[in-house]
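Heads up: the structure comes next, in structure tokens.
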Amino acid sequence: MAPQDILTALRDQNPLVHCITNYVAMNIAANVVLAAGASPAMVHAPEEIPEFTPICGALTVNIGTLSSAWLASMTTAATVAGAHNIPWVLDPVAHFISDYRKAAAQDLLALRPTVIRGNASEILALAGEAGAGKGADSGDSVDAAQSAANALATQWGAVVAVTGPVDYVTDGTQTAQVSGGSPLMPKITALGCSQTALMGAYCASGPAFQAALGALAHFKVAGNAAAKVANGPGSFQMHFLDALRSTRPQDLAQVIA
Amino acid sequence: MAPQDILTALRDQNPLVHCITNYVAMNIAANVVLAAGASPAMVHAPEEIPEFTPICGALTVNIGTLSSAWLASMTTAATVAGAHNIPWVLDPVAHFISDYRKAAAQDLLALRPTVIRGNASEILALAGEAGAGKGADSGDSVDAAQSAANALATQWGAVVAVTGPVDYVTDGTQTAQVSGGSPLMPKITALGCSQTALMGAYCASGPAFQAALGALAHFKVAGNAAAKVANGPGSFQMHFLDALRSTRPQDLAQVIA
Amino acid sequence: MAPQDILTALRDQNPLVHCITNYVAMNIAANVVLAAGASPAMVHAPEEIPEFTPICGALTVNIGTLSSAWLASMTTAATVAGAHNIPWVLDPVAHFISDYRKAAAQDLLALRPTVIRGNASEILALAGEAGAGKGADSGDSVDAAQSAANALATQWGAVVAVTGPVDYVTDGTQTAQVSGGSPLMPKITALGCSQTALMGAYCASGPAFQAALGALAHFKVAGNAAAKVANGPGSFQMHFLDALRSTRPQDLAQVIA
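First to last, the protein sequences are chains A, B and C. Oh and the first sequence: position 91 is 121 in this note's numbering, straight run, nothing missing. Oh and the second sequence: position 198 is 228 in this note's numbering, straight run, nothing missing. Oh and the third sequence: position 80 is 110 in this note's numbering, straight run, nothing missing.
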């Protein structure tokens, strides 16, 4: 199932995507998922996760504005997803900034996410290597994180997506790269977090490696379109959301190598 | 007091609207209320609700990203509003997705909201009928929810507003419909939640049935204007906020039947 | 170090700014800081603050959607910042609406913020004077708050910035005014909160009085640019973010008196 077929399926099926994400990302991530063609659901109460996660097509977990109560919800949801064979995506935002967050990322990793998405610094640190990340921003090149991504993919049986100017995705065997987008994209907050949410929507509609690839390609295609008309980060975000909706399945292949 | 007179009063009085809403909606709901001409206040600490709710013109309660601590705040605020004869609007977002959320919606309903606003699936489920809702999205037509809306209005002495391509509003005796807007509107997250917040602003400025009708009409008029110039959900949201501000009171009647 | 030199330094150094702010402001405040050229980090877990705050260039604390857990995080972070000589900015949003919030603002004030930023009503109330504020909106003129600002600056050894149509800033000795912007700015939610976050970025890059002045001027310059092309609050916000990025250091002086 090629990425473009997954996008077609996503728009036909409009899958429900359970997103446990950070406060900064909630609105833009939901708008990204909606614009692409799926249905986001932000739910975090422990009382309803065991009932809700199983009816979703995928789960995404993002530790951006972490706290102990939210971590408990993430752990519960990831466990429920695992038990029901629901694909789930882990976004270990800036997990290297504190021992607390590092431990949280490793605990979630042990629950065996279907896909791990991070910037280069996050992926390097997740594999136990030193990086130059600063807060939510990467300080390392995607190339420098390729071997860490391969190691994580093999160790955990996961698809690993490293995002940056040229994205890299691997399942430990296959690899692919996705290029395009705009230098403005890291200047819009939570766009990476929104990429994670979209990856959930793709995972609900097709197999993990191709799904991750499709979500990455969808972002690059929409980013290319927005870059042509944007005058800065404000107008870029607006055009980007418009372009996520107007992106055609057949456009995805052009940015994948 | 016709809807258009309520909009004029709203802009003259700039009422303070206490909104307890979900994390996804907070920013856009506040922007919607501000653009329309009122003053939103997002406050949820139990320590200050008994002091704060009574100085507001209206309260709105939305259970989108529910948790036990927030539910306690909602219950307190609704009780305080009732005791002070302050109108309040209940938005039972996706309450059918879990037993926990169903119980929360029924508990809040028992505190007798002035207005209940939901999509067709939410209103059907609130009246105890089966629906086809999926997460925050409706799977039912507004027409299919009319009798459920009438029953709820009569049972609880509330105005009930069912939103969709053609909105339906009833107080159990009077009914009205509001048409217009754009198919892009459900593709922008939390626009329904923002409609609830705006309904609070209208309720602070006039009687409940006409207030609900006015808030629905304001959305449809602004939606019509945005639909003419939008290229997708990103630009729609921007033009919609601009249009909420430029909508004139006399424009409201044109979308009401 | 003039405001324009601080902006140049900010863009060169891309400082990490620890923001503990309200749910309404999180996304737009992060976008404002990114657009200006710094790196925002929204972190509130007590488990990681002692490790994280010291690696940041500045801290900003905003009590908009206050609760007891968040107040504890704010207090911890402000204490850590003080112990590490990291500049921090206090935004006492609508602190006059309840005894709870008043006490929180005074407790934070006692931790000696480097800069205090508020609207006229907030600054008047912080100095113990009566005002006409309503929720997050000011009901008083900036002129009426000048003596309160001077008194606070002297009492606490802080820079005090009062924002409004013409901003006023003082450290108890020096004073300056900044003019420009647009009447649409108070119609966009959390723009004042975002100003606080940006002030943190400036404080990370230069001395407090000139930093506060620079952040105020940056907003006015970008507001002037956005006002020329905006059709309402939606398009204003978009153009404003674009303009924050395109503002040149040498533009700042033109709005400072």
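Even for Gly, the Cβ is constructed at its ideal location relative to N, Cα and C. Please read all numbers here as calculations on a predicted model, not as lab measurements.
Using a beta-carbon distance below 9 Å, is residue i in contact with chain C?
i: S103/A; result: no
i: L271/A; result: no
i: P70/B; result: yes
i: V190/A; result: no
i: N52/A; result: yes
i: I79/A; result: no
i: L96/A; result: yes
i: S212/A; result: no
i: A234/B; result: no
i: R275/A; result: no
i: N261/A; result: yes
i: A303/A; result: Missing from the structure shown is residue 303/A; chain A here goes from 31 to 287 and no further.
Pick out whichever of the options has its Cα sitting closest to the Cα of residue i.
i: L282/B; options: F249/B, S265/B, A260/B; result: F249/B
i: Q284/B; options: A247/B, R275/B, A179/B, T203/B; result: A247/B
i: P216/A; options: A166/A, N57/A, S235/A; result: A166/A
i: L154/C; options: A191/C, Y130/C, A242/C; result: A191/C
i: G202/C; options: A179/C, I58/C, L271/C, A68/C; result: A179/C
i: E81/B; options: A107/B, S97/B, M56/B; result: A107/B
i: R142/B; options: Q225/B, V91/B, L271/B; result: V91/B
i: Q204/C; options: P213/C, G210/C, L271/C, V189/C; result: V189/C
i: S212/C; options: A206/C, N261/C, A231/C, L182/C; result: N261/C
i: I255/A; options: G244/A, L271/A, Q240/A; result: It should be noted that the sequence gives Ala, not Ile, for residue 255/A. A255/A has its Cα closest to that of L271/A, out of G244/A, L271/A, Q240/A.
i: M268/C; options: I218/C, M31/C, S209/C, A75/C; result: I218/C
i: A162/C; options: F126/C, L243/C, M31/C; result: F126/C
i: G290/A; options: I286/A, S276/A, A32/A, V62/A; result: Residue coverage of chain A in this structure runs from 31 to 287, which leaves residue 290/A outside it and unanswerable.
i: A220/A; options: L40/A, M31/A, N44/A, A59/A; result: A59/A
i: T184/A; options: Y53/A, A157/A, V208/A; result: A157/A
i: S209/A; options: V172/A, G187/A, A234/A, S265/A; result: V172/A
i: I85/A; options: R41/A, P117/A, L182/A, M31/A; result: P117/A
i: I79/C; options: A68/C, A55/C, T105/C; result: T105/C
i: S276/B; options: R41/B, M31/B, G236/B; result: R41/B
i: Q43/A; options: Y232/A, S128/A, V251/A, P237/A; result: Y232/A
So residue i and residue j are supposed to be a Cβ contact under 8 Å. How far apart are they, rounded?
i: G222/A; j: N149/A; result: 6 Å
i: V47/A; j: A65/A; result: Not quite, the Cβ-Cβ distance comes to about 13 Å (not below 8 Å), so this is no contact.
i: V145/C; j: V119/C; result: 4 Å
i: T200/B; j: Q225/B; result: Between Q225/B and T200/B the Cβ distance is about 17 Å, and since that is not below 8 Å, they are no contact.
i: A227/A; j: T51/A; result: 7 Å
i: A174/C; j: A287/C; result: With 8 Å as the limit, A174/C and A287/C do not qualify as a contact, their Cβ atoms being about 19 Å apart.
i: L96/A; j: R147/A; result: Between R147/A and L96/A the Cβ distance is about 17 Å, and since that is not below 8 Å, they are no contact.
Going by DSSP, what residues sit across from residue i in a beta bridge?
i: I36/C; result: DSSP, once it has assigned bridges, lists no residue as partnering I36/C.
i: A71/C; result: H48/C
i: S209/C; result: V196/C
i: D42/B; result: According to DSSP, D42/B bridges with nothing at all.
i: V189/B; result: V145/B
i: I218/B; result: According to DSSP, which records beta bridges pairwise, I218/B is partnered with nothing at all.
i: D167/C; result: K164/C
i: I286/C; result: V208/C
Using 9 Å as the limit for Cβ to Cβ distance, is residue i near chain B?
i: K258/C; result: no
i: D35/C; result: no
i: A220/C; result: yes
i: P216/C; result: yes
Looking at the C-beta of residue i, does it have a partner C-beta in chain D at a distance below 9 Å?
i: I116/B; result: Within the model displayed, chain D is absent; protein chains A, B and C are what it includes.
Would you say residue i reaches chain A, if we count a Cβ-Cβ gap shorter than 9 Å as a contact?
i: Q267/C; result: yes
i: N92/B; result: no
i: K250/B; result: no
i: D167/B; result: yes
i: M229/C; result: no
i: A55/B; result: yes
i: V110/C; result: no
i: V145/C; result: no
i: G194/B; result: no
i: I153/C; result: no
i: A99/C; result: yes
i: S171/B; result: no
Can you give, in chain order, each stretch of the beta strand (DSSP E) that sits fully within the region 79-104 of chain B and has at least 3 residues?
-> Taking only runs of at least 3 residues, the beta strand (DSSP E) segments lying wholly in the region 79-104 of chain B are 88-92.
Unbroken beta strand (DSSP E) runs of length 3 or more, entirely within the region 94-163 of chain C: which are they?
-> You should have 118-121, 145-149.
Any chance you could list the alpha helix (DSSP H) runs of at least 4 consecutive residues sitting entirely within the region 226-265 of chain C, in chain order?
-> If we require 4 residues or more, the alpha helix (DSSP H) runs fully inside the region 226-265 of chain C come out as 238-259.
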